[in-house]
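Asks: To start, I am sharing the structure in question, which I have written as C-alpha cells.
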Amino acid sequence: MSPNGTLDALLVEKRVFRPLPGQAIEANLPPQELEAARKKAQTAPLDIWEEAASELVWYRPWQAVVSAPDGAAFPRWFPGGQTNIVANALDRHVESAHRNTLALIFEYASGENKKFTYFELHREVCRLARAFVSLGAARGDRILIHMPTLPETVIGMLAAARIGAVHCLAPLGFSAKALRRRIEASRARIILTADIGLQGDRMAPIKPVVDEALAGTGETRVETVVVVRRSDQDIPMTEGRDLYYHDILGGGREASPPEPMESDEELFVLHAGSSLSAPRGIVHGHGGYMVGVYRTATWVLDLKPADVIWCTAEPAWITGHSYAVYGPLLAGATTVVVEGNPLAGHGQRLFEIIDRHGVSVLYTSPTLIRMMRRMGAAPGRDRDASTLRLLATAGEPIPPELWVWFHKTMGKGQCPLLDTWWQTETGMILLSPLPASLLAPGSVGRPLPGVSADVVDDAGNPVPPGKGGHLVLNAPWPGMLLTLDGDPEGYRRQYFERIKGVFFTGDMARRDEDGSFWIQGRADDVVQLGGHRLGSAEIEGALASHPALAEAAVIVVPDAMGATAAKAFLVPILDWDLRYDSEEDLVRDVKAHLRRELGTVAEVRFFAVRSCLPKTPSGKISRKALREEA
C-alpha cells in the first residue's frame with residue numbers, strides 16, 4: 001500500500017539518447033553555459049530571470065525582480081517596471097536589421113498561404129490597434145476573440161495587447177449558450193469574429209452563433225462586433241453594433257505607439273472549464289509572462305532568428321498563445337500558423353507544410369503523434385522533413401515507446417525530442433530537457449534553471465527518488481498566472497491551500513536518482529489496484545507500447561462486487577486486423593503484453609476496443625466522457 005498520497009512506479013525507463021556534438025555546441029544554452037546556469041540558480045535564481053528581462057525593452061526599469069506585498073500567492077514580477085509585450089515582439093525587430101525577416105507564415109486549409117515580414121505584421125497590427133481605439137477601446141478593456149484560426153486572429157491578439165486592452169480568446173465549437181457564458185465572464189466591450197470558419201472539415205457559420213449568444217437574457221458589456229468576412233454571402237448585421245473588419249481599418253500607415261504597461265497589468269484571460277460549467281478565467285500579465293515565454297522560447301525551443309517554428313496548437317489555447325504567437329515573435333523567429341487539420345491527406349499535409357516552409361522546429365502534442373502512428377504517416381522521398389532540427393511535445397505525457405517512434409520516424413534519430421511540462425496556469429515551460437541534455441524517453445527532464453519543483457506526499461513532505469507523489473512548485477516563476485479573474489480567494493484556495501507553502505499543480509510525478517521528473521498523470525486520475533496507487537499515465541504508457549495500439553486510456557470503474565477495477569479503452573492502428581483474427585485476440589495479446597511490462601500488480605479487468613477516444617477541445621483525452629460511457 002502506498003501511504004500519504006504517494007504512488008507506486010512500475011515502469012523504469014533506462015534508455016538515453018545523446019544530442020549530436022554539433023547540436024549541443026550550437027544551442028543557445030550549450031553544455032557549459034547550462035551547467036553554469038544551474039549553479040547560479042542554486043544561489044541566485046532571480047538572476048536568471050533578471051538577465052532575461054534585461055535583453056528586452058522596458059520603458060521604465062523595475063525596482064525589484066519580484067516582490068510579494070500581498071502574500072506568496074500574489075507575487076509581482078518586475079514591480080515598477082513598464083513595458084509592452086508587443087513592443088518587444090514586433091517594434092524591437094522592426095527597428096533592427098530583422099525588419100524584413102518573415103514573422104508569420106499562415107497556411108490556409110486550401111493550401112494557399114500568406115506571409116508577413118516583421119515590418120508588414122507590425123503595420124497590420126498598428127492598423128487594427130488604431131481601429132480598436134477609434135471604437136472606444138482603451139487600456140484595461142476586454143476584447144473577446146471568437147475566431148477560426150486566421151491571420152486576423154493573431155493580428156487581433158497583438159493589436160489588443162498593443163493598446164493595453166486584454167484579449168480573451170474563445171475557441172470555436174461552443175453552443176450559443178456556452179459562448180454567452182464566455183462573453184459574460186470576459187466582460188468584453190468588443191467582439192472580434194468571422195462570418196464563417198473551418199470546423200472539422202467543413203465551413204460552418206460563426207456570426208449567427210455570436211448573434212444568438214448576444215440575444216440571450218441578461219446584460220453584457222458588448223458595444224461592437226467586428227466581423228472578418230470570408231464568404232460572399234450576406235449575413236445579418238445589427239446596425240449600430242456590427243462592423244466589417246475591412247471597413248474599420250482605414251488606409252493610414254502611421255504607427256500606433258504601444259501603450260506603456262505596468263509589468264503586472266493584465267495581458268490576456270484564458271477561460272478554462274467545459275462548455276457546461278462556469279468559465280474559470282486564468283489571468284496573465286505583460287512583464288513576467290513576456291520574460292518567461294521569451295527565455296523558454298530561446299532556451300528550450302532554442303529559437304534563433306533563422307528558425308521557422310510550427311507549433312501545431314491553435315492560437316486559442318495557451319500553447320498557441322505562448323509558442324505559436326508570443327514566444328517565436330519575442331525570439332525574432334518565423335512562426336507558422338495553420339488552418340485546419342495538420343494531418344489531412346492521410347498525414348501528408350504535415351510533411352508538405354514542413355518542406356514548403358522549411359520548418360526547423362516542430363512543437364506538437366502526443367495526440368497528433370498517435371494519429372500519425374495510427375495512419376502510418378512518415379516522411380518520404382519527396383517530402384523528407386529534412387529541415388527539422390528540433391522536436392518538442394506538450395499537453396500530456398508522451399509514452400516512452402511513442403517517444404522512440406517519433407524520434408526515429410520524424411527526427412531520423414538525430415533531432416532532439418523534448419517532452420515539456422507546463423500548464424495554462426504556469427504560462428511557460430517549467431520542466432523540460434534542453435537541446436544540450438541527455439534525453440530519456442518519457443521524462444520531462446529537470447526544472448529549468450530558476451524554477452524550483454518537488455515531489456511531495458499529501459502532507460507536503462518530499463518523497464524519496466523513485467516514489468510518486470504530488471508535483472508542486474516551491475517558488476514563484478515569471479510566467480505564473482496573476483490570479484483567477486474576479487476570484488482571488490478561489491485562486492488562493494485552489495493553488496496554495498491544498499498543500500501549504502507550495503503551488504499545487506494537480507499533477508502526479510516521480511523524480512529519479514538523477515533529478516529528472518516523470519509525469520504520472522493527474523491527481524484525480526490515480527488508479528487504485530490491488531492495494532497499489534498507480535498513475536494512469538504509467539498504465540497507458542505500457543499499453544501504448546504494444547505495437548498494434550495507437551492510443552489507450554484507463555479509468556476506474558466499479559466491479560460486480562462493489563470494489564474498483566481498471567477499464568482500458570484501446571485504439572488499434574489501422575491495419576491491426578491483418579495481425580489478429582478478432583478483437584478478442586487483440587485484447588488477449590494486450591493483456592499478456594501488459595503483464596510483461598508491469599507485472600500482475602496493474603491488472604486491467606475490462607477492455608473496450610474503439611476507433612477513437614473522445615477528446616476535449618484542446619485535444620486531451622476526455623476521461624469524463626469515458627466514465628459516462630462506462
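Counting in the UniProt record's numbering, the sequence shown tops out at residue 630, every number present. Glycine is no exception: its CB is placed at the ideal position from the N, C-alpha and C atoms. These figures come from a predicted structure and were not determined experimentally.
Just curious, the beta strand (DSSP E) that cysteine 311 is in, first and last residue?
Replies: 308 to 311
Asks: State yes or no: is the C-beta of leucine 104 within less than 8 Å of the C-beta of valine 293?
Replies: no
Asks: To the nearest angstrom, how far is it from the Cα of valine 283 to the Cα of leucine 172?
Replies: C-alpha separation (whole angstroms): 20 Å.
Asks: According to the neighbour-count rule (16 or more other Cβ atoms, all chains shown, within 10 Å of its Cβ), is serine 274 buried or exposed?
Replies: Any reading at serine 274 needs caution, since the residue's pLDDT is 48, under 50, leaving its predicted position unreliable; the model's value is listed next. When all chains shown are included, serine 274 counts as exposed.
Asks: For a test of the three-state rule: what should DSSP assign to threonine 426, helix, strand or coil?
Replies: coil
Asks: Three or more C-beta pairs closer than 8 Å, one from the region 32 to 46 and one from the region 454 to 461: is that the case here?
Replies: no
Asks: In this structure, how does DSSP classify alanine 188 when only helix, strand and coil are distinguished?
Replies: coil
Asks: To the nearest angstrom, how far is it from the Cα of alanine 566 to the Cα of aspartate 419?
Replies: Each residue's CA atom was taken as its position, placing alanine 566 and aspartate 419 some 27 Å apart.
Asks: Give me the DSSP bridge partner(s) of glycine 442.
Replies: Beta-bridge annotation (DSSP): glycine 442 is not paired with any residue.
Asks: Expressed to the nearest angstrom, what Euclidean distance is found between the alpha-carbon atoms of serine 432 and glycine 22?
Replies: 20 Å
Asks: On a Cα-Cα basis, can you pick out the residue from Ser545, Ile555, Trp299 that is closest to residue 633?
Replies: The structure shown does not extend to residue 633, since the chain is modelled only from 1 through 630, so no value can be given for it.
Asks: From glycine 479 to leucine 56, what distance separates their C-alpha atoms?
Replies: Between glycine 479 and leucine 56, the alpha-carbon positions lie close to 15 Å from each other.
Asks: Does glycine 327 pass the burial test, meaning 16 or more other C-beta atoms within 10 Å, or should it be called exposed?
Replies: buried
Asks: Give me, in chain order, the residues of the same chain whose beta-carbon lies closer than 7 Å to that of glycine 287; leave out the 5 immediate sequence neighbours on both sides.
Replies: Trp77, Phe78, Gly81, Thr83, Ser263, Asp264
Asks: With distances taken from CA atoms, which of Thr364, Glu401, Ser256 is nearest valine 442?
Replies: A small fix is needed here, since residue 442 is glycine in this sequence, not valine. Measuring from the Cα of glycine 442, the nearest candidate turns out to be Glu401.
Asks: With glutamine 520 as the anchor, note down where its beta strand (DSSP E) starts and where it stops.
Replies: 517 to 522
Asks: DSSP three-state label for isoleucine 621, please.
Replies: Three-state result, isoleucine 621: strand.
Asks: Distance check for alanine 165 and residue 631, CA to CA, integer angstroms please.
Replies: Since the first residue shown for the chain is 1 and the last is 630, residue 631 is missing from the structure and cannot be characterised.
Asks: Suppose the cutoff is 6 Å on Cβ atoms and the five residues either side in sequence are ignored; what does the same chain contact list for aspartate 485 look like?
Replies: Hits under 6 Å: Val269, Gly281, Val283.
Asks: In terms of alpha-carbon separation, which member of Leu121, Val210, Phe116 lies closest to leucine 144?
Replies: When each option's Cα is compared against that of leucine 144, the closest is Val210.
Asks: According to the Cβ coordinates, are leucine 434 and leucine 34 closer than 8 Å?
Replies: Yes, they are a contact pair.
Asks: Mind checking which residues open and close the alpha helix (DSSP H) that includes proline 205?
Replies: Careful: proline 205 lies outside any alpha helix (DSSP H), inside the beta strand (DSSP E) at 202 to 205.
Asks: To the nearest angstrom, report how far apart arginine 389 and leucine 438 are at their CA atoms.
Replies: Spanning the alpha carbons of arginine 389 and leucine 438 requires a straight line of approximately 16 Å.
Asks: Put residue 678 into one of helix, strand or coil per three-state DSSP.
Replies: Look at the range of the chain in this structure, 1 to 630, and you will see that residue 678 is not part of it.
Asks: Just the C-alpha distance for leucine 276 and alanine 185, rounded to the nearest angstrom, thanks.
Replies: The predicted model places leucine 276 with a pLDDT of 43, which falls under 50 and marks its position as unreliable; any figure quoted below should be read in that light. Distance between the alpha carbons of leucine 276 and alanine 185: 13 Å.
Asks: If I follow the unbroken beta strand (DSSP E) through arginine 510, where does it start and stop?
Replies: 503 to 511
Asks: Buried or exposed: glutamate 107, going by 16 or more other Cβ atoms within 10 Å of its Cβ?
Replies: Looking at its Cβ environment, which holds 16 or more other Cβ atoms inside 10 Å, glutamate 107 is buried.
Asks: Which whole runs of the beta strand (DSSP E) in the region 35 to 111 are 3 residues long or more, in chain order?
Replies: 102 to 107
Asks: Rounded to the nearest angstrom, how far is the Cβ of proline 449 from that of lysine 40, given a contact under 8 Å?
Replies: Cβ-Cβ separation between proline 449 and lysine 40: approximately 7 Å, consistent with a contact (criterion under 8 Å).
Asks: Restricting to Cα atoms, I'd like to know which of Pro257, Ala436, Pro75, Arg374 is closest to proline 31.
Replies: Ala436
Asks: What number of angstroms, rounded off, separates the C-alpha of proline 399 from the C-alpha of serine 175?
Replies: One Cα belongs to proline 399, the other to serine 175, and the distance between them is close to 34 Å.
Asks: Within 10 angstroms of the Cβ of proline 69, are there 16 or more other Cβ atoms? Answer buried if so, exposed if not.
Replies: exposed
Asks: Is the beta carbon of leucine 594 sitting closer than 8 Å to the one on leucine 543?
Replies: Yes.
Asks: Entirely within the region 367 to 413 and at least 3 residues each: give me those beta strand (DSSP E) ranges in chain order.
Replies: 390 to 393
Asks: I'd like to know if the region 178 to 197 and the region 132 to 147 are in contact, where contact means that at least 3 CB-CB pairs between them fall below 8 Å.
Replies: Contact holds between the region 178 to 197 and the region 132 to 147, because three or more Cβ pairs, one in each stretch, are under 8 Å apart.
Asks: List, from N- to C-terminal side, the beta strand (DSSP E) runs of 3 residues or more that fit wholly inside the UniProt domain "AMP-binding enzyme C-terminal" (538 to 620).
Replies: 549 to 558, 564 to 572, 606 to 609
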